[in-house]
Structures are given as structure tokens and as C-alpha cells.
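According to the numbering used here, the sequence shown is numbered sequentially starting from 70. A virtual CB, placed ideally from N, CA and C, is assigned to each residue, including glycine. These numbers were taken from a predicted model, which means no experiment stands behind them. Presented below is the structure to which this report refers.
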Amino acid sequence: MGIERTRELRRKRHRKVKLATLKRRAEKASKSEKAVIAQKIRRLSPGAEQLLAAWKMA
Numbered sequence: 070m071g072i073e074r075t076r077e078l079r080r081k082r083h084r085k086v087k088l089a090t091l092k093r094r095a096e097k098a099s100k101s102e103k104a105v106i107a108q109k110i111r112r113l114s115p116g117a118e119q120l121l122a123a124w125k126m127a
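Here is the structure:
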């Protein structure tokens with residue numbers, strides 16, 4: 070996987086799967102668990118604050 074674009078697409082797809090998993094977990098999470106999930110989202114995604122606002126977690 071030497072081509073940068075290929076690596077970028079792979080990272081994007083993996084991030085999409087992880088965010089879907091975190092969103093599903095956040096729906097059933099308690100307040101303290103939501104804080105942990107929000108930290109993970111901030112670390113994972115460059116557009117984290119917009120995501121958290123859209124998911125009403127910020």
C-alpha cells in the first residue's frame with residue numbers, strides 16, 4: 070500500500086466503521102460513559118466537534 074491516496078481511503082473507511090460503533094454505544098450509554106466516548110471521538114476524527122454537536126453529546 071504505497072500510494073498515499075489508498076492509505077487515506079483505508080483510514081477514512083476504518084474511521085467510518087469506528088464512528089458508527091461509537092454512535093451505537095453512545096445511544097445506550099450513561100452520562101459518564103458518554104464522556105469517555107466523546108473523548109475517543111475527539112481523538113479519532115478531525116471533525117469531532119461537529120459530530121458531537123450533531124449527536125447532541127457536546
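Extent of the continuous alpha helix (DSSP H) run through Lys85: As a working note, residue 85 is residue 16 in the sequence shown. That run of the alpha helix (DSSP H) goes Glu73 to Glu96.
Straight-line gap, Lys103 to Met126 (C-alpha atoms, nearest Å): Walking along the sequence shown from the start, residue 103 turns up at place 34. Walking along the sequence shown from the start, residue 126 turns up at place 57. Between the C-alpha atoms of Lys103 and Met126 there is a straight-line separation of about 7 Å.
Helix, strand or coil at Lys125 [DSSP, three-state]: One-based indexing of the sequence shown puts residue 125 at position 56. Residue state, collapsed to three classes: coil.
Nearest neighbour of Val105, chosen from Leu121, Pro115 and Gly116 [CA to CA]: Looking up residue 105 in the sequence shown gives position 36. For Val105, the nearest C-alpha among the options comes from Leu121.
Buried/exposed call for Ala89, threshold 16 Cβ in 10 Å: Within the sequence shown, residue 89 is the residue found at index 20, counting from 1. If you draw a 10 Å sphere on the C-beta of Ala89, you find fewer than 16 other C-beta atoms in it, and that means exposed.
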